[in-house]
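One structure below.
Chains as they are written, first to last, in this note's numbering: chain A, 40 to 493; chain B, 4 to 93.
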């Protein structure tokens, strides 16, 4: 039987160390909504989403109350829209119509984000993919809850440099279209390499074509819990350090597994995966940077940071994998800047640069995330940054991503406020030497060799 | 059997356990186990209860217990047992 100490430990994690389930994300297949008539497609999309996800928010709240665990977000991911709209969309404006329908559906069911305004163009772009990409700036400006992601490369296909170059422009245009909100549109737009089909986290969530008609994916969190556990063993050696992270990750993931199974049972939708990611929030103590500091670096960015992050990421996976029957998504440690107070402090202290963050993305679960840069950064430089990140993902067979915000009218020394979970960020300097000749070449970078790995 | 864990945390005052127990008895909720301790001068009590015969729905119980706690100046939480089981038992 459960004893008092165990009950106290669990409730302390929830009440004082910010343990929560970050998101229940319902994946919905929209391929059967495709029609050659735009308004029919929109109607079918709206009906399918509002029918399947009608009770998602309510069920999430019910589970939260019964187990006493906060479930912060209830969200939806859908089939990449460039596939659903290809039969009926002739202009970028047609795609914006679909975006607005999705936004309406998201508001109707009460989810705070809906992801999947996406295209998978890792080898080539169809006409439909390109129309969707070109519609992103307008779609981001006219909607509130839609997240967009574009997959521009993979280990199997190489990197589509035409798409990378185009995304440089699209990110700039999205910043311009949403400049009255500090270019907020770019915070909902991510460029990925090796994007997983079952990621429940925004902005990169979409419902891949390898998935069932509807599925429940759950993202757990809890950097605060790991931090607290490490604070209890300040002078431990690496063996004990790793063991402690692993045990904590196990406990956190078990809660996610329980919530996922309950949500799946109550909604009558199959359980997909648990994403084991440590996802920080701007709340004090809920920080991946603080864990790195507990491990022993003065600020993230100091020499040793990449090694500390590598061990953290690996132990989180090792502890979590045993705690859940299906693990998927991104699963690791997120290192967004604006969403993590410790990262913001490190940038302000001058410890953390974009180059060091890039090195860290080689060993963490995603990539350059929520980084604000000067508004006058050229599109070709942004494309160069995307190419670098994609190359890291492609060669290391992992997911990488770029969610970067060139804030119109702001420059190094300024701060930008996104609000809520997205937090705030100091504008970070970007290397000013040109990448133009490189990204303007056009074509593809071939897939890397899969043998002779030394 | 649906089992829940009720926790009471706060400054030790006269009659806390009595109040919670009376409420549970009035609602046909059987107490299976009680334990308590003092952590950092705070009174911590845990009850494992059986909700099978409860006359009220979980939500209502949980809200009423929380209110009963507020009236006495302590925090009363009611959670299904599974969350603790999952976390601490393989």
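C-beta: ideal position from N, C-alpha, C; glycine also.
All of these numbers come straight from a predicted model, not from anything done at the bench.
* To do: Mind listing the chain B neighbours of residue 296 (chain A)? Cutoff is C-beta to C-beta under 9 Å, in chain order.
  => Position 257 of the first chain, counted from the start, is the residue given in the question as residue 296 (chain A). Contact note: residue 296 (chain A) reaches chain B through 89, using a C-beta cutoff of 9 Å and chain order.
* Counting only beta-carbon atoms, is residue 42 (chain B) nearer than 8 Å to chain A? -> As a first step, residue 42 (chain B) must be located in the second chain, where it is residue number 39. Residue 42 (chain B) counts as touching chain A.
* Mark residue 4 (chain B) as exposed unless 16 or more other C-beta atoms lie within 10 angstroms of its C-beta, in which case mark it buried. => Walking along the second chain from the start, residue 4 (chain B) turns up at place 1. Burial call: exposed.
* Is it a yes or a no for the segment 64-75 of chain B touching the segment 36-46 of chain B, going by three-plus beta-carbon pairs under 8 Å? -> No, the segment 64-75 of chain B does not touch the segment 36-46 of chain B.
* Asked: In the segment 398-462 of chain A, which residue ranges form an unbroken alpha helix (DSSP H) of at least 4 residues, counting only runs that do not cross its ends?
  -> The DSSP assignment places complete alpha helix (DSSP H) segments of no fewer than 4 residues inside the segment 398-462 of chain A at 418-435, in order along the chain.
* With 8 Å as the threshold, decide whether the Cβ of residue 106 (chain A) is near any Cβ in chain B. => Residue numbering aside, residue 106 (chain A) sits at position 67 when the first chain is read from its first letter. Answer yes: the Cβ-Cβ gap between residue 106 (chain A) and chain B drops below 8 Å somewhere.
* With DSSP run on the structure shown, which of helix, strand or coil describes residue 46 (chain B)? -> Stepping through the second chain from its first residue, residue 46 (chain B) is reached at position 43. Correct three-state label for residue 46 (chain B): strand.
* Taking the C-alpha atoms as reference points, what is the distance between residue 6 (chain B) and residue 40 (chain A)? -> Taking the second chain and counting its residues from 1, the one referred to as residue 6 (chain B) is at position 3. Taking the first chain and counting its residues from 1, the one referred to as residue 40 (chain A) is at position 1. If I take the Cα positions, the gap works out to 11 Å.
* Are the segment 331-345 of chain A and the segment 388-400 of chain A touching, with three or more C-beta to C-beta distances below 8 Å? -> Contact holds between the segment 331-345 of chain A and the segment 388-400 of chain A, because three or more Cβ pairs, one in each stretch, are under 8 Å apart.
* Asked: residue 65 (chain B) versus chain A: which residues are under 9 Å apart at the beta carbon?
  -> Numbered from its first residue, the second chain carries residue 65 (chain B) at position 62. Going along chain A in sequence order, the residues near residue 65 (chain B) (Cβ under 9 Å) are 104, 105, 107.
* Cross-chain neighbours of residue 84 (chain B) in chain A, by beta carbon under 8 Å -> Position 81 of the second chain, counting from 1, holds the residue named residue 84 (chain B). Going along chain A in sequence order, the residues near residue 84 (chain B) (Cβ under 8 Å) are 41.
* **Anticipated Cβ contact below 8 Å, residue 116 (chain A) with residue 66 (chain A), distance rounded** => In the first chain, the residue the question calls residue 116 (chain A) occupies position 77. In the first chain, the residue the question calls residue 66 (chain A) occupies position 27. With 8 Å as the limit, residue 116 (chain A) and residue 66 (chain A) qualify as a contact, their Cβ atoms being about 5 Å apart.
* To do: Check whether the Cβ atoms of residue 111 (chain A) and residue 62 (chain A) sit closer than 8 Å, and answer yes or no.
  => Here the question's residue 111 (chain A) lines up with position 72 in the first chain. Here the question's residue 62 (chain A) lines up with position 23 in the first chain. Cβ distance < 8 Å, so residue 111 (chain A) and residue 62 (chain A) count as in contact.
* To do: Specify the secondary structure class of residue 58 (chain A) as computed by DSSP and reduced to three states.
  => Locating residue 58 (chain A) in the first chain gives position 19, counting from the first residue. Coil at residue 58 (chain A), not helix or strand.
* **Nearest-angstrom beta carbon gap, residue 190 (chain A) and residue 150 (chain A) [assumed within contact, 8 Å]** => To locate residue 150 (chain A), count along the first chain from 1; it is residue 111. To locate residue 190 (chain A), count along the first chain from 1; it is residue 151. About 23 Å; that fails the 8 Å criterion.
* Could you run through the segment 43-63 of chain A and flag, in chain order, every residue whose CB is less than 7 Å away from some CB of chain B? => Here the close residues are 43, 45, 46, 47, 49, 50.
* Hey, quick one: how far does the beta strand (DSSP E) through residue 227 (chain A) stretch, first residue to last? -> Mapped onto the first chain, residue 227 (chain A) falls at position 188. Residue 227 (chain A): not part of any beta strand (DSSP E); DSSP gives it neither H nor E.
* **Burial state of residue 129 (chain A), where buried means 16 or more other Cβ atoms lie within 10 Å** => By 1-based counting over the first chain, the position of residue 129 (chain A) is 90. Its Cβ having fewer than 16 others within 10 Å, residue 129 (chain A) is exposed.
* **Which listed residue (A:172, A:431, A:258) has its alpha carbon closest to that of residue 109 (chain A)** => If you number the first chain from 1, residue 109 (chain A) lands on position 70. Selected option, being the one with the closest Cα: A:258.
* the segment 50-74 of chain B: which residues have C-beta closer than 7 Å to a C-beta of chain A, in chain order? -> So the list reads 51, 61, 62, 65, given in the order they occur along the chain.
* Mind checking if residue 10 (chain B) is an interface residue toward chain A, Cβ cutoff 8 Å exclusive? -> Translated into the one-based positions of the second chain, residue 10 (chain B) becomes position 7. Contact of residue 10 (chain B) with chain A is assigned, a C-beta pair being separated by under 8 Å.
* Asked: Any idea which residues DSSP pairs residue 166 (chain A) with across the strands?
  -> Here residue 166 (chain A) is taken as the residue at index 127 of the first chain, counted from 1. Beta bridge pairing from DSSP links residue 166 (chain A) with no other residue.
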